[in-house]
Each structure stands twice: as C-alpha cells, then as structure tokens.
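Q:
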Amino acid sequence: MEKMSKSHEDYLEAIVMLGGTTEVSVRSVDIANKMGVSKASVNKAVTALKEKALAEQPYYGDVTLTEAGYAYGTAVYDRHRMLSKFLNKELGIPEDVAEQEACLMEHAISDESFEKWRAYIKKLDL
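Per my numbering, the sequence shown runs over residues 71 to 196.
1. Please confirm whether Y147 has its beta-carbon closer than 8 Å to some beta-carbon of chain C.
2. Could you have a look at A138 and say whether DSSP puts it in helix, strand or coil?
3. From R151 to A172, what distance separates their C-alpha atoms?
4. Please determine if the region 119-126 and the region 134-148 are in contact, where contact requires at least 3 C-beta pairs separated by less than 8 Å.
5. Label D80 either buried or exposed according to how many other C-beta atoms from any shown protein chain fall within 10 Å of its C-beta, with 16 as the threshold for buried.
6. Use the C-beta contact count for G90: other C-beta atoms within 10 angstroms, 16 or more gives buried, fewer gives exposed.
Here it is as structure tokens:
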C-alpha cells in the first residue's frame, strides 16, 4: 500500500492501540484522548481515512477499520513496537526517548528498509 501522511498513520495506529479492528469499533472521543487532539481533529482525520477506504463510521457512530485500514494500522504499530524495543533493550536508550524516536522512525523508514532491518534482527536472534 502506498505511504500516507504521518498524521493519518498515527490515527490508524491509535485506533489499533485502542483495540479497534474490522469487528471492534472505537469511539472518536477515545481516539481524541489517546492522541491529545480535539474531536473535530479526529472527525477530519476519520473523514480522510474513510475516503481512502481505510475506516468506516456511520453518521455520528464509532470508528471501525476496514481490512486495509487494520492491516496498515497494525503494520505501523508493529514497526513502532519493534523499533522502540530495539532502541531501549538493545541500545540502552531510555524508554521515553526510545518511544519518541520510534514514533519518528516508524514513519520515515521505507517498507523495503524495514523488512531488511527486521530480517537482520531475526538473524541476530534479538
């Protein structure tokens, strides 16, 4: 899937982190609280995600991810967790710094580079 904006990736990741799936919906207010943004910001982002067929939301309803949205959000979340864990556990970077830097790196690294990094890490058995 083609890369989207960091902001939209963050929304998908937040929905996944809140337990959202193709079957389980998440309230807009919970997304807003998780991300520290207004409900209006969530509404705007969800509208964009719906236009990209990544999320569904009935009028004033909760947000559910499509198969594509769940796959994308899960991929971003998995990247974040792997990068954060590597930075913290293997390089000794403090957890809070590792979290912040993983958030930046998860958006910047290409799919190809990430897969090569993941394969390298697996070879090291970390």
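Just so it is clear, CB atoms sit at the ideal spot from N, CA and C, and this is done for glycine as well.
A: The relevant details are as follows:
1. In the structure shown, chain C cannot be found, because there is only a single protein chain.
2. Here A138 sits in helix by DSSP.
3. 8 Å
4. yes
5. Counting Cβ neighbours within 10 Å, D80 comes out buried, since at least 16 surround it.
6. buried
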